[in-house]
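I have placed the structure first, in the form of structure tokens, so that the comments after it can refer back to it.
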Amino acid sequence: MERLKIGIALSGGTAKSVAHIGVLKALAEHGIGIDYIAGTSGGAIVAAFHAAGKSIAELEALGGGMRWRDIAGLTIPRLGLLSGDKVRDFVVAEIGEVEFGDLAIPVAIVASDLTAGTGRIFKRGSVALACQASSSIPEFYTPVEIDGHILIDGQFSEYVPVAALTSLGEMFAIGVNLGYEKGMKKKPRNPLEIIIQVSSFIAQQNAVASERRADFMIRPDLREFGPLELNRASDMIHRGYTETLKIIPELKAAISSGRSGQ
Numbered sequence: 037m038e039r040l041k042i043g044i045a046l047s048g049g050t051a052k053s054v055a056h057i058g059v060l061k062a063l064a065e066h067g068i069g070i071d072y073i074a075g076t077s078g079g080a081i082v083a084a085f086h087a088a089g090k091s092i093a094e095l096e097a098l099g100g101g102m103r104w105r106d107i108a109g110l111t112i113p114r115l116g117l118l119s120g121d122k123v124r125d126f127v128v129a130e131i132g133e134v135e136f137g138d139l140a141i142p143v144a145i146v147a148s149d150l151t152a153g154t155g156r157i158f159k160r161g162s163v164a165l166a167c168q169a170s171s172s173i174p175e176f177y178t179p180v181e182i183d184g185h186i187l188i189d190g191q192f193s194e195y196v197p198v199a200a201l202t203s204l205g206e207m208f209a210i211g212v213n214l215g216y217e218k219g220m221k222k223k224p225r226n227p228l229e230i231i232i233q234v235s236s237f238i239a240q241q242n243a244v245a246s247e248r249r250a251d252f253m254i255r256p257d258l259r260e261f262g263p264l265e266l267n268r269a270s271d272m273i274h275r276g277y278t279e280t281l282k283i284i285p286e287l288k289a290a291i292s293s294g295r296s297g298q
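If you count by the numbering used here, then the sequence shown holds residues 37 to 298, one letter each, in order.
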């Protein structure tokens, strides 16, 4: 009998997106291989790097050493405070100017198309450009224009990109929601955190529908971490790892039976 294919949808999360590395580490250690992967915003970058063949150790080292200067460049404020070109440059520096067809694992990346008023799923073309578009938080990064369409962060159309993931084929679909929180959120400390919290509020509304499409959900508890705290990246990676270890038995049982585990 053919092995059930496994797919994983990585949510956005700003700096918290590095926690996806810990999730992937826990899955790999327990023999849960990934056949398909989708990503939104920061999750898109992790998805692209993993699909391009970067090992978990390489991702841990890269994520733990990241700083905002690596992925954000100041620009003259017009449509955003920061240039997203550094996101594209960062991806190219790490995996090259590759296209989706060059990746070892099939990947789907989600952005939001302001011109068409819909979500956009990238499955062909430049991986780096798709990552830049998917990560372009309004007022934070400048939008990306492709073929006359203005594209912004994918979290506004599908924060947990399960629909994008399942467009790649038949699979057991795992969703990872890094923004799921119960109770009160931290008080924002600066204008950028206000922008991020507003974006997160909107994103969690569409995440509800996305989670229903998943066969299994992973929701690491990252409440103690701020959305801009890349200086705590190693701690967030570890938290993603330990939180995923807790649900491995339940996940394996769900995969074995082909049933959903929400």
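Glycine included, C-beta positions come from ideal geometry on N, C-alpha and C. For clarity, every value in this text was computed on a predicted model and none was experimentally measured.
Threonine 154 places its beta carbon less than 8 Å from that of serine 193.
Here the alpha carbon of aspartate 183 sits roughly 24 Å from the alpha carbon of proline 142. Cα atoms of glutamate 96 and valine 146: separation of roughly 24 Å, rounded to the nearest angstrom. Within the model, the alpha-carbon separation for alanine 245 versus glycine 211 is close to 12 Å.
When DSSP states are grouped into helix, strand and coil, aspartate 257 belongs to the coil group. Taking the Cα of histidine 56 as reference, the smallest distance to any Cα among Glu65, Ala64, Leu46, Thr50 is reached at Leu46. Here the segment 281 to 291 does not lie against the segment 231 to 240, with fewer than 3 beta-carbon pairs under 8 Å apart. Straight-line measurement puts the Cα of phenylalanine 85 at about 11 Å from the Cα of glycine 99.
With contacts defined by Cβ atoms closer than 8 Å, proline 197 and alanine 74 form a contacting pair. For isoleucine 57, the enclosing alpha helix (DSSP H) stretches over residues 55 to 65. Following the DSSP letters along the chain, one finds glycine 78 inside the alpha helix (DSSP H) bounded by residues 78 to 87. Under the DSSP definition of a beta bridge, histidine 185 partners with Ile182.
Between the alpha carbons of alanine 269 and glycine 101 lies a gap of roughly 8 Å. Between leucine 266 and alanine 51, the C-beta gap is smaller than 8 Å, which places the two residues in contact. Comparing alpha-carbon positions, the option among Ala80, Ile42, Gly78 lying closest to alanine 64 turns out to be Ile42. Judged by DSSP in its simplified three-state form, valine 196 adopts coil rather than helix or strand.
With contacts defined by Cβ atoms closer than 8 Å, lysine 61 and tyrosine 277 form a contacting pair.
In this structure, alanine 144 places its C-beta atom within 8 Å of the C-beta atom of leucine 204. Taking all protein chains in view, the Cβ of proline 285 is surrounded by fewer than 16 other Cβ atoms within 10 Å, so the residue is classified as exposed.
Here arginine 248 is exposed, its C-beta having fewer than 16 other C-beta atoms within 10 Å. With at least 16 other beta carbons inside 10 angstroms of its own, aspartate 189 counts as buried.
DSSP places glutamate 133 in the coil class of the three-state scheme, outside both helix and strand. For serine 292, the enclosing alpha helix (DSSP H) stretches over residues 269 to 293. Ranked by Cα distance from alanine 199, the first of Ile230, Thr76, Glu181 is Thr76.
If you check the CB distance, valine 127 and isoleucine 81 come in under 8 Å.
Serine 170 sits in a helix when the DSSP states are folded into three classes.
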